[in-house]
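Chemist: Pasting in a structure now, in structure tokens, and then I'll have a few things to ask.
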Amino acid sequence: MMILHGSAGSPFVSRVCMQAHAKGLKFELSRAALGTPEFQRMNPLRKIPVLEHDGFVLPESLVICEYLEDAFPTPSLLGATPEARARVRLVVRTVDLYCGGVMSLLRATNDPSLKIDAAAERAGLDKGLDALEVFLAGDGFAASEALSLADCALVPWLFYATMLTKQGDDALTRRPKLARYVDFIEGQELTRRIWGEMDEAYRAFRARWKAGQVAANNG
Ligand SMILES: N[C@@H](CCC(=O)N[C@@H](CS)C(=O)NCC(=O)O)C(=O)O
């Protein structure tokens, strides 16, 4: 029995969902009560996702993805050769370590009361995107001929990054490889499924957030 604690609105949760869908794994997505002692026992870092698989509890999305590759190796979302696996991991790591600025920039455009160092966030993001422009395979899937964990990291991240594009930001469109990748991957059925799940969770989150703002203003 597999339970994934978290919400589909989180790109870290959705990468695991995407991997599980690609492998045909059945799991239950269970909303996590981050502040509770029960959740903190599962993950003292207080972050989602946390995977529970037959009683084995595991936090950290990338560790979960690698665990699922070990536990359910077919079809492989890592690749067959050491080089292929390294290329996949390089893209995932670049997204995780250098492309998080998308979320801060997006939050700041949605909530003007939020103060961020936009220039620093932008410079950091540009560095990450310039690296992705080199590391991406160039045509088709992100790191290999087939869907891989690199796509599972990029697709949920793109759910948010393309929101910046819709607001007129050219960070994705002015980089030819990235732009080609976005065109390709948004046509994939699994991308549409993941973005649909994320959209539903994101709308629910926004509605709760807005209701909270109204309550705070009235109180
Ligand atoms: N390195 C973690 C990052 C997970 C993460 O940042 N999750 C966010 C949701 S997108 C979270 O749990 N935030 C709750 C909080 O920080 O209180 C992973 O890959 O699992």
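For the sequence shown, full-length UniProt numbering begins at 1 and goes up steadily by one. For each residue, glycine too, the CB sits at the ideal point set by N, CA and C. All of these numbers come straight from a predicted model, not from anything done at the bench.
Give every residue whose Cβ lies closer than 5 angstroms to any heavy atom of ligand 1, listed in chain order.
Modeler: Any residue whose Cβ sits closer than 5 angstroms to a heavy atom of ligand 1 makes the list: 10, 12, 47, 48, 60 and 61.
Chemist: Considering only the beta carbon of each residue, do residue 128 and residue 88 sit closer than 9 angstroms?
Modeler: As a first step, residue 128 must be located in the sequence shown, where it is residue number 128. As a first step, residue 88 must be located in the sequence shown, where it is residue number 88. No, the pair does not count as a contact, with Cβ atoms beyond the cut-off.
Chemist: Specify the secondary structure class of residue 28 as computed by DSSP and reduced to three states.
Modeler: By one-based count along the sequence shown, residue 28 stands at place 28. The answer is strand: DSSP assigns residue 28 an E or B state.
Chemist: Just list the residues that DSSP pairs residue 2 with in beta bridges.
Modeler: Taking the first residue of the sequence shown as 1, we reach residue 2 at position 2. Residue 2 pairs with 53.
Chemist: When the Cα atoms are used, what is the spatial distance from residue 186 to residue 219?
Modeler: Within the sequence shown, numbered from 1, the residue matching residue 186 stands at position 186. Within the sequence shown, numbered from 1, the residue matching residue 219 stands at position 219. Taking the straight line from one Cα to the other gives about 43 angstroms.
Chemist: Between which residues of its own chain and residue 195 is the CB-CB distance below 6 angstroms, once the five residues before and five after are set aside?
Modeler: Within the sequence shown, numbered from 1, the residue matching residue 195 stands at position 195. Within the same chain, residue 195 has close Cβ partners 159.
Chemist: Helix, strand or coil: which one does DSSP assign to residue 45?
Modeler: Within the sequence shown, residue 45 is the residue found at index 45, counting from 1. DSSP places residue 45 in coil when its eight states are reduced to three.
Chemist: Expressed to the nearest angstrom, what Euclidean distance is found between the alpha-carbon atoms of residue 183 and residue 174?
Modeler: By one-based count along the sequence shown, residue 183 stands at place 183. By one-based count along the sequence shown, residue 174 stands at place 174. Cα to Cα, residue 183 sits roughly 13 angstroms from residue 174.
Chemist: Is the segment 61-74 close to the segment 26-45, with three or more CB pairs under 8 angstroms?
Modeler: Touching, no, given that fewer than three Cβ pairs across the two stretches are closer than 8 angstroms.
Chemist: Verify whether the separation of the beta carbon atoms of residue 164 and residue 97 is less than 9 angstroms.
Modeler: Mapped onto the sequence shown, residue 164 falls at position 164. Mapped onto the sequence shown, residue 97 falls at position 97. No, these two residues do not count as a Cβ contact at 9 angstroms.
Chemist: Quick check: the segment 72-80 against the segment 147-156, are there 3 or more CB pairs under 8 angstroms?
Modeler: Counting Cβ pairs under 8 angstroms, three or more are found: they touch.
Chemist: Would you say residue 222 and residue 209 are within 9 angstroms of each other, going by their C-beta atoms?
Modeler: One cannot answer for residue 222 here, as it falls past the ends of the chain, which runs 1 to 219.
Chemist: Which same chain residues, not among the five before or five after residue 171, have their C-beta less than 7 angstroms away from its C-beta?
Modeler: The residue given as residue 171 occupies position 171 in the sequence shown. For residue 171, where only same-chain residues beyond five positions count, the Cβ hits under 7 angstroms are 125, 129 and 164.
Chemist: What first and last residue would you give for the alpha helix (DSSP H) that runs through residue 188?
Modeler: Translated into the one-based positions of the sequence shown, residue 188 becomes position 188. Run containing residue 188: none; DSSP gives neither H nor E here.
Chemist: How many Å lie between residue 46 and residue 23 at the Cα?
Modeler: Residue numbering aside, residue 46 sits at position 46 when the sequence shown is read from its first letter. Residue numbering aside, residue 23 sits at position 23 when the sequence shown is read from its first letter. If I take the Cα positions, the gap works out to 27 angstroms.
Chemist: What residue range is occupied by the uninterrupted alpha helix (DSSP H) comprising residue 69?
Modeler: Reading the sequence shown from its first residue, position 69 is the one you call residue 69. Here the alpha helix (DSSP H) through residue 69 covers 61-71.
Chemist: What number of angstroms, rounded off, separates the C-alpha of residue 51 from the C-alpha of residue 199?
Modeler: The sequence position of residue 51 within the sequence shown is 51, counting from 1. The sequence position of residue 199 within the sequence shown is 199, counting from 1. Using only the alpha carbons, I get a separation of about 22 angstroms.
Chemist: Between residue 92 and the rest of its own chain, which residues show a CB-CB distance below 7 angstroms, the 5 nearest in sequence each way excluded?
Modeler: Looking up residue 92 in the sequence shown gives position 92. Result list for residue 92: 62, 149, 150 and 153, in chain order.
Chemist: Which of the three DSSP states, helix, strand or coil, is assigned to residue 58?
Modeler: The residue you call residue 58 lines up with position 58 of the sequence shown. Here residue 58 sits in strand by DSSP.
Chemist: I think residue 122 touches residue 100, with their Cβ atoms under 8 angstroms apart; what is that distance to the nearest whole Å?
Modeler: Position 122 of the sequence shown, counting from 1, holds the residue named residue 122. Position 100 of the sequence shown, counting from 1, holds the residue named residue 100. Incorrect: roughly 12 angstroms between the Cβ atoms, too far for contact.
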